[in-house]
Amino acid sequence: MTTATLSPTPADTLADARLTFAGTVRSEWIKLRSVRSTIWSYALLIAISIGLAALVAFALTSIPDGVAGQAPASQPVQTVVQASIAGVAFGQLIAGILGVLVISGEYTTGMVRSTFLAVPGRLSALAAKGIVLFTATFIVGLIANVAAYLVASLMLSQEDIAAPIIDPAVFWPLLGGALYLAMISLFALAIGALVRTSAGGIAVVVGILLILPTILSLIPADWAREAVPYLLSNAGAGIYSSATLAPEGDALGMWLNLLVTGLWVAVPAAAAAVMLRTRDA
1149 MTTATLSPTP ADTLADARLT FAGTVRSEWI KLRSVRSTIW SYALLIAISI GLAALVAFAL
1209 TSIPDGVAGQ APASQPVQTV VQASIAGVAF GQLIAGILGV LVISGEYTTG MVRSTFLAVP
1269 GRLSALAAKG IVLFTATFIV GLIANVAAYL VASLMLSQED IAAPIIDPAV FWPLLGGALY
1329 LAMISLFALA IGALVRTSAG GIAVVVGILL ILPTILSLIP ADWAREAVPY LLSNAGAGIY
1389 SSATLAPEGD ALGMWLNLLV TGLWVAVPAA AAAVMLRTRD A
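In this note's numbering, the protein residues as written are 1149 to 1429.
Below, the structure is given as structure tokens:
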């Protein structure tokens, strides 16, 4: 009499499998780096940062020393920083567009259904996307800013204008610029999850970053003028342009700017989390 050997059924195998959050993050990283638009977006971000740094450095060294208070050699730190972070204002658009495409592209192709089938806890999938996108954008943004600093420093050194990167007044704007770009990508990811279309999501992000500040600046009212510092792009700019921790004049101060920008990210992210649980894919 022979003994039959029973093999585990597919159901048993699936039951033993455990979907971990680390595995979800790994999956989202693979998806992010396998999309061609991601590579092109990050490459363009670095190229624009370096190009604008060179352009601004050239322009700053062309300022006549006789212009009152504007001679670059008299304020080397400000001059180097201004050239190094010139690309962040344009980079925010790239980070925003990429953030929308990361999730809206899945809705367009229907891949999001496969994602939610593999990750029944939809919030885990959204959180994993956010972690991967934030980390990648922060690293690329920091590389872009440091590369821009090196190019600007090389050009400005010919005019005896120099500022070491270890100077907090130099390093923090570089770090803050990368942090702002990463936060913009998260904000755009949340908008993309809410709107679910690439065109609509990009329109909302661009409108909030560029059009809304322009509209408010044209309104001759006290409330509009007082609201301008709390806009996403203005508060974000304060993260990488504030040289001190204390507010100066009408500025909010670096840490308050960081808090305001964080709220701009948190509100749509919370709304996206609620919508993911209540709407069908």
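Just so you know, even glycine gets a beta-carbon here, dropped at the ideal spot from N, CA and C.
In this structure, Arg-1344 is the residue among Arg-1344, Tyr-1328, Ile-1287 with its C-alpha nearest to the C-alpha of Met-1259. Contact between the segment 1309–1322 and the segment 1237–1247 is absent: fewer than three C-beta pairs spanning the two stretches fall below 8 angstroms. Here DSSP, grouped into helix, strand and coil, assigns Leu-1358 to helix. The segment 1322–1334 makes no contact with the segment 1361–1379: fewer than 3 CB pairs, one atom from each, lie closer than 8 angstroms.
When secondary structure is reduced to three states using DSSP, Pro-1224 falls in the helix class.
Look at the segment 1275–1351 and you find these whole runs of alpha helix (DSSP H), each 4 residues long or longer: 1316–1343. Of all alpha-carbon atoms in Leu-1192, Ile-1211, Val-1352, Arg-1427, the one lying nearest the alpha-carbon of Thr-1285 is that of Leu-1192.
The count of Cβ pairs closer than 8 angstroms, one atom from the segment 1405–1418 and one from the segment 1379–1386, reaches three, so the stretches are in contact. The alpha-carbon of Leu-1208 is positioned some 13 angstroms away from that of Asp-1308.
Cα atoms of Pro-1268 and Leu-1424: separation of roughly 11 angstroms, rounded to the nearest angstrom.
Within its own chain, the residues whose Cβ lies closer than 7 angstroms to the Cβ of Thr-1263, once the five positions on either side in sequence are excluded, are Glu-1254, Ala-1273, listed in chain order.
In the structure shown, Thr-1426 adopts helical secondary structure according to DSSP, grouped into three states. Beta-carbon to beta-carbon, Gly-1384 and Leu-1334 are separated by about 12 angstroms, too far to satisfy the 8 angstroms threshold. Straight-line spacing of the CA atoms in Ile-1356 and Leu-1406 works out to 17 angstroms. Restricting attention to Ala-1310, Ala-1243, Tyr-1297, the CA atom closest to the CA of Ala-1338 is found in Ala-1243.
At a Cβ-Cβ threshold of 8 angstroms, Asn-1293 and Ser-1232 count as neighbours. Judged by beta-carbon spacing, Gly-1235 lies within the 8 angstroms limit of Leu-1200, meaning their Cβ atoms are closer than that value. When the five nearest sequence neighbours on each side are left out, the beta carbons in the same chain lying within less than 7 angstroms of the beta carbon of Phe-1282 are those of Ala-1330, Ser-1333, Leu-1334, in order along the chain.
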